[in-house]
Amino acid sequence: MTSAAFAVLLNARRVSIWQTRAFFLITLAFIYTSVMNMIERPEGLHIASFFIGAILLVSFVSRSIRSVELRIGEVILDPEAKRFIEESVRRTGGINLLAHRPDGLDYQRKELETREVHKLTLEEAEFMFLEVEVSDSSEFVGDELKVTGVEIDGIRLLKCKSPAIPNAIAALLLDLRDKTGVLPHIYFGWTEGNPLGYVFKFLFFGEGETAPLTREILRQIERDPVRRPRILVG
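So the number in the numbering used here is just where the residue sits in the sequence shown, counting from 1, plus 6.
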């Protein structure tokens, strides 16, 4: 009732000053009553705290378990993205994706760093950049993952939006494998920071240390290591 009175007070501010003053006094009365009730009879506060804690614990455990689920029912490639994939398979016999933050380093610099770390020549790997933008991270399930192909100055990008980055990447890799018969490779860079902090960042915001989380999702879905898309980190 106290919270309801406060909500009415906020709404009354838009109506008139007299209603605001009246509901302010009513809200103060409810606050005083609530505080006195908690002091004189703290059992209700203890019970409420227990239930709130239980709800938070169950929610956290549920989100932790579901964080390694695939979540995505279907992957849809637009015509340009399909063309990129088909041409890559036809020219090189493989699919090599390079994970890239939408607001990260420039593409050429990122590719040069990756080739230097993994000792890859232009003939050994033809990269397509993959960018996943986080949508509403509170949504557990995205029925569709729509992937758009974009070409900028000869650099090919695959772009999509998803509530969770690792889940989207895993879904795309498995879809490409099933559609082309080729095991896709994706290259990541290590992220600087505390690993535990990135775990909580993923649970609450859908992004974090992407490489190990993507691998774990793939491991849960595809038990055969031979058929599992390759995750390379450096």
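All residues carry an ideal CB built from backbone N, CA and C; glycine is no exception. All of these numbers come straight from a predicted model, not from anything done at the bench.
Nearest-angstrom beta carbon gap, residue j and residue i [assumed within contact, 8 Å]
i	j	result
Val81	Ala177	6 Å
Arg19	Thr26	5 Å
Val140	Ile171	6 Å
Arg11	Ile32	Checking the displayed sequence, the identity of residue 11 turns out to be Ala instead of Arg. Indeed, because the Cβ distance is near 6 Å, the residues count as touching under 8 Å.
Ala105	Ile192	6 Å
Ser168	Leu151	6 Å
Phe29	Val14	5 Å
Leu34	Met44	Leu34 to Met44, Cβ: 16 Å. No contact.
Ile91	Thr186	7 Å
Leu76	Ile223	6 Å
Which of helix, strand or coil DSSP assigns to residue i
i	result
Ala105	strand
Met134	strand
Lys125	coil
Val79	Looking at the sequence itself, residue 79 is Gly, so the reference to Val does not match. Gly79: coil per DSSP, three-state reduction.
Val14	helix
Val64	helix
Glu228	coil
Glu49	helix
Val95	helix
Gly59	helix
Leu189	coil
Asp84	coil
Glu222	helix
Met42	helix
Glu215	coil
Arg233	helix
Asp184	helix
Ser9	helix
Arg20	coil
Beta-ladder partner(s) of residue i, from DSSP
i	result
Phe194	Val239
Gly100	BP columns for Gly100 are empty, so no partner.
Thr154	Lys165
Val140	Ser168
Other residues of its chain near residue i: CB distance less than 6 Å, five sequence neighbours each side excluded
i	result
Gly79	Asp149
Glu129	none
Ala131	Asn102
Residues near residue i in its chain [Cβ-Cβ closer than 8 Å; skip 5 each side]
i	result
Glu6	An answer regarding residue 6 cannot be provided, because it is not within the stretch 7 to 240 covered by the chain.
Leu126	Thr120
Arg233	Arg183, Leu189
Close Cβ partners of residue i (< 7 Å) along its chain, the five nearest in sequence each way excluded
i	result
Thr220	Pro172, Ile175, Ala176, Ile237
Trp196	Val239
Query - Inter-stretch contact (C-beta, 8 Å, three-pair minimum) for the segment 159-169 and the segment 129-137 - result: Cβ pair count under 8 Å is three or more, so yes.
**Report entry** At least three beta-carbon pairs within less than 8 Å, the segment 176-191 to the segment 217-235
**Finding:** Yes: at least three Cβ pairs fall under 8 Å.
Query raised in the report: Within the chosen definition, does the segment 91-101 reach the segment 111-124 through at least 3 CB pairs nearer than 8 Å?
Result: Result no; under three Cβ-Cβ pairs closer than 8 Å.
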